[in-house]
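In my numbering, the protein residues as written are 89 to 432. Following: one structure in structure tokens, then a few remarks.
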Amino acid sequence: GERMFERMKGLYEVRVRDQDAKVGEVKVFLIPGNPGERSLMVDAGFGTRECYEKLKRELEKLGIACSQLDLFITHRHHDHTGMAGTFAKEGTRVFMNPKEDHHAYDCITQKRGEEAVREQEQVLRRVGITRRLEPGLWSKYKEVNQRLMKGQDWYFLTPDFPYEPVSQGQKFSYGDYHLEAVELKGHTYGQTGLLDREHKILFCADQVIDGINPIVPTSYPDEGLLKGYFQSLQWMKENLSDYTLLPAHREPITQVRRVIDRIVFSYLDKAELIKRLITCSRKPMTVKEVAYLAYGIQEDAEDDPDFISHKMMITKTFSCLEYLYGEEFIDREEKEGIFYWKAV
């Protein structure tokens, strides 16, 4: 899998690896344009030298100049946006859904600067991580912030880059491919895929992956992220069951219904467990308390990988709680910025 691979006629797949291997590998797709026309790259991999050199090599092999390249960013996570700023500087046009920018901080994204730190404090308080309630976890978050302030890198830091806004239904054409932008809410608030009705393919980014349940990570109330995810998956089942989905991780998906049913079942299973935990609890619980029970977490995160999976479990729990609350299975109250969840 080290070479560039022609997935379909005129559609190439490049696998780029992360040296730290926390995500492992991500796929970048390339469609060379007809002579004299622009070409497409879907996503920009990791922010590493190796990734940059590999992408440049493959573009050269296909005879694509950066000034004739359009880069479509599906969502603002570090393994999809790594090289966006660098390519932009070299004359590439970058496209992204501006909804991806509506928070400066969330579990898997963090920008540099004051706004992100302010949003983080709100988010942490909301889920029950405050200096008073959870001093150990609180200081771990602060320590990561210190690294960022000093200009060091953090694994989930999302770089800033200039881009042109993309909206639902917008049309793009490259080579023999006629694509339209489709919003895929769930994995992020504004994740957007590209659909080709003639070739029956969807570049689905991290919306559907075979063998992994994509995370729906949020800590913002009343945005209905998990409900939006279910609706999006339902739309895919009804309209794309005979399509090939091209995700950014793992293999293409042809058994669309089977893969989607498995993901939905796993989320509903977790939501059911969380509902039982809350119904049986004698007192209202914070998101952090629910997460520890739902995922069997024993103690606080020590090292970075631990900390990351810990963040993810808390935000997944938040998504499930929000969903249950939206469907009126549980109740929510807020005291001093902290959310407490309880039986109806």
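Ideal placement from N, C-alpha and C gives every residue a C-beta, glycine not left out.
Extent of the continuous alpha helix (DSSP H) to which residue i belongs
i, result
"G316", "313-327"
"T276", "Premise fails: T276 is in no alpha helix (DSSP H) and is neither H nor E."
"S354", "344-368"
"V378", "375-382"
Neighbourhood of residue i by C-beta distance below 8 Å, restricted to the same chain and skipping five residues each side
i, result
"G299", "R338"
CB of residue i within 9 Å of CB of residue j, strictly
i, j, result
"L225", "L236", "no"
"M373", "L361", "no"
"H190", "G278", "yes"
"A336", "A382", "no"
"E138", "V182", "no"
"F187", "Y193", "Note that residue 187 is Lys in the sequence shown, not Phe. Cβ atoms of K187 and Y193: not closer than 9 Å."
"H168", "V254", "no"
"M184", "Y251", "yes"
"P120", "G263", "yes"
"K371", "D330", "no"
"K325", "I297", "no"
"C154", "F175", "yes"
"T276", "H163", "yes"
"P309", "R214", "yes"
Counterpart residues of residue i in DSSP-defined beta bridges
i, result
"R214", "Partner(s): none; R214 has no beta bridge."
"F260", "L267"
"T197", "D194"
"G281", "V270"
"D391", "According to DSSP, D391 bridges with nothing at all."
"D419", "K430"
"I289", "D284, T332"
"K115", "R103"
"M96", "L99"
"L245", "Q198"
Local conformation of residue i per DSSP, three classes
i, result
"M237", "helix"
"L221", "coil"
"D310", "coil"
"L159", "strand"
"G89", "Its pLDDT being 47, under 50, G89 is placed unreliably by the model, and nothing is read from it."
"E252", "strand"
"Q173", "In the sequence under discussion, the amino acid at residue 173 is Gly, which differs from the Gln named in the question. DSSP places G173 in helix when its eight states are reduced to three."
"E339", "coil"
"A433", "Absent from the structure is residue 433, since the part of the chain shown begins at 89 and ends at 432."
"I402", "helix"
"R206", "helix"
Cut-off 6 Å between Cβ atoms - residues of its own chain near residue i, not counting five sequence neighbours on either side
i, result
"V270", "G281, L283"
"V102", "M92, V116, E146"
"P340", "T332, L334"
"L272", "Q279, G281, Q295, S320"
"F260", "L267"
"V130", "F117, F160, F291"
"S407", "V304, T306, L313, L314"
"Q208", "Y193"
"K430", "P372, D419"
"Y265", "I119, D284"
Start and end residues, beta strand (DSSP E) containing residue i
i, result
"A431", "426-431"
"S127", "127-130"
"T332", "332-335"
"E101", "99-105"
"K142", "Per DSSP, K142 belongs to no beta strand (DSSP E); it is in the alpha helix (DSSP H), 137-149."
"R181", "181-184"
Interface flag, residue i vs chain B, CB-CB below 9 Å
i, result
"N122", "Among the protein chains of the structure shown there is no chain B, as only one such chain exists."
Neighbourhood of residue i by C-beta distance below 7 Å, restricted to the same chain and skipping five residues each side
i, result
"Y411", "L314, K315, A359"
"C195", "P305, S307, K399, M400, T403"
"E377", "G216"
"K363", "L412, F417, I418"
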